[in-house]
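A quick write-up on the structure given underneath.
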Amino acid sequence: MKCSCGNNPVIIIHKAYCDECFIKYFEREIKKHIKKNKLALKNDKIAVGVSGGKDSLTTAYLLKKYYHDVSAVLIDEGIKGYRPYSKEKAEKYCKEWDIPLHIYSFKEEFGYSLDQLAKKLKINPCSICGVLRRYLLNKKSRELGFDKTATGHNLDDESQAILMNLFANDLQRLSRVGALVGVKEFKNFVVKIKPLRIMSEKEVMTYFLCKGFSTDLRECPYSATAFRLKIRNVLNDYDFKHKGAKINILKFFDKRAEKLKEQARNSSVNVKTCSNCGEHTSGDYCKACTILAKLPEKTN
Ligand code: SF4
Ligand code: ZN
17 MKCSCGNNPV IIIHKAYCDE CFIKYFEREI KKHIKKNKLA LKNDKIAVGV
67 SGGKDSLTTA YLLKKYYHDV SAVLIDEGIK GYRPYSKEKA EKYCKEWDIP
117 LHIYSFKEEF GYSLDQLAKK LKINPCSICG VLRRYLLNKK SRELGFDKTA
167 TGHNLDDESQ AILMNLFAND LQRLSRVGAL VGVKEFKNFV VKIKPLRIMS
217 EKEVMTYFLC KGFSTDLREC PYSATAFRLK IRNVLNDYDF KHKGAKINIL
267 KFFDKRAEKL KEQARNSSVN VKTCSNCGEH TSGDYCKACT ILAKLPEKTN
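Going by my numbering, the sequence shown opens with residue 17, and the numbers climb by one from there.
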């Protein structure tokens with residue numbers, strides 16, 4: 017099978033693509049997705065949350081290509097044997113693509129690295145990491161004056177998130193999934209966008225390699241403990257046998273997303289201000305403050 021331009025294919029998605037045609041296809045689809053979902057306005061100041069992996073770097077690269085004011089924010093959780101390498105990648109590419117990079121660390125912001133927090137709190141590192149990373153990305157993006165924060169979530173991440181929330185019957189969280197994240201406008205919340213969510217992990221990796229970029233394939237040592245990993249394996253297995261399962265989950269959700277978001281907007285769950293730090297929350301304290309309050313020295 018040849019690409020329609022006559023070259024040998026590097027990937028077969030719906031049809032065969034050579035590297036050049038695949039790059040064009042990928043960029044065209046992402047542009048269409050951004051436009052259709054009104055993810056960003058021409059003059060938006062956008063902060064891309066980068067980790068140094070292929071997804072977030074591709075997001076930064078493409079947004080920089082399409083918009084004037086794009087920066088990157090990297091949250092260094094402090095994960096030994098993992099974060100220093102991916103941080104180095106992020107620094108290298110941001111410099112090469114002329115994207116200003118802002119770095120913040122758990123250690124400086126909260127007093128402890130993730131490795132230390134996991135030991136002290138004795139809870140799953142991913143539960144701490146996700147909450148504190150989202151907290152810092154939103155807070156720092158707002159303080160730096162950004163209109164939007166972009167993340168590198170791909171189709172695999174999105175379909176996993178939809179299934180996980182379905183399994184937990186958590187409609188509030190499910191309503192927060194989507195191309196534009198957040199169902200309520202709140203002064204402390206910077207709107208989140210996910211430009212890559214229609215592309216599978218395999219497609220993003222192919223694009224990254226076709227562009228000649230190199231990534232660090234090292235996995236976070238805590239990833240084996242994540243519940244998401246189980247869902248990922250189940251979904252990969254199913255998608256392998258029944259092609260299109262992931263994109264069908266996304267399409268099924270997207271058709272119903274507006275209604276879900278409308279219901280969530282009208283629900284009794286109100287967005288409030290955390291009594292400790294002033295960030296947004298649905299309770300009296302935000303999730304970050306709730307986690308940090310459990311540190312032994314705070315409970316003594
Ligand atoms: Fe954080 Fe868990 Fe992801 Fe590692 S696997 S970066 S601990 S959320
Ligand atoms: Zn708080």
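The beta-carbon is built from N, C-alpha and C at its ideal position, and this holds for glycine as well. Just so you know, these numbers come straight off a predicted model, no measurement behind them.
beta-carbon residue i near the ligand SF4 non-hydrogen atom, thresh 7 Å
i	result
L78	no
P100	no
E313	no
C21	no
Y238	yes
C142	yes
E219	no
E124	no
Proximity test, Cβ basis, 8 Å: residue i and chain B
i	result
R281	Absent from the structure: chain B. Only one protein chain is present.
Pick from the options that is closest to residue i, judged by C-alpha positions
i	options	result
G146	A106, R248, D92	D92
E274	S191, G168, N24	S191
I247	K208, N181, V207, Y98	N181
F126	E159, R149, A106	R149
L79	H49, E107, Y98, I178	H49
S102	S20, L266, G65, L245	G65
S87	K105, E104, S129, D60	D60
S67	L90, Y83, V207	L90
K52	D163, I28, G194, A280	G194
Y254	C293, S175, C302	S175
Neighbour-count burial assignment, residue i, 16 or more Cβ in a 10 Å radius
i	result
F268	exposed
F38	buried
T315	Residue placement at T315 is poorly supported in this model, since its pLDDT is 47, which falls under 50; the coordinates are not used for a value here.
I307	buried
C236	buried
I144	buried
R99	buried
V250	exposed
Contact test: residue i Cβ vs the ligand ZN heavy atom, cutoff 7 Å
i	result
A88	no
C34	no
E295	yes
N292	yes
A195	no
A309	no
C302	yes
C305	yes
Contact set for residue i: own chain, Cβ-Cβ below 7 Å, skip 5 residues either direction
i	result
D186	none
K123	G94, S129
L160	A63, H118
8 Å Cβ shell around residue i - same chain, five flanking residues per side excluded
i	result
P312	K136
C287	Cys is not the amino acid found at residue 287; the sequence shown has Val there. Correct list, in chain order: K200, F202, F205, H296, T297, S298.
Sequence-distant residues of its chain with Cβ nearer than 6 Å to residue i (five each side left out)
i	result
C226	D35, F38, I39
Limits of the alpha helix (DSSP H) - the one that residue i falls within
i	result
I247	243 to 257
Range of the contiguous beta strand (DSSP E) that encloses residue i
i	result
I214	No beta strand (DSSP E) holds I214; DSSP gives it neither H nor E.
L90	85 to 92
H118	117 to 121
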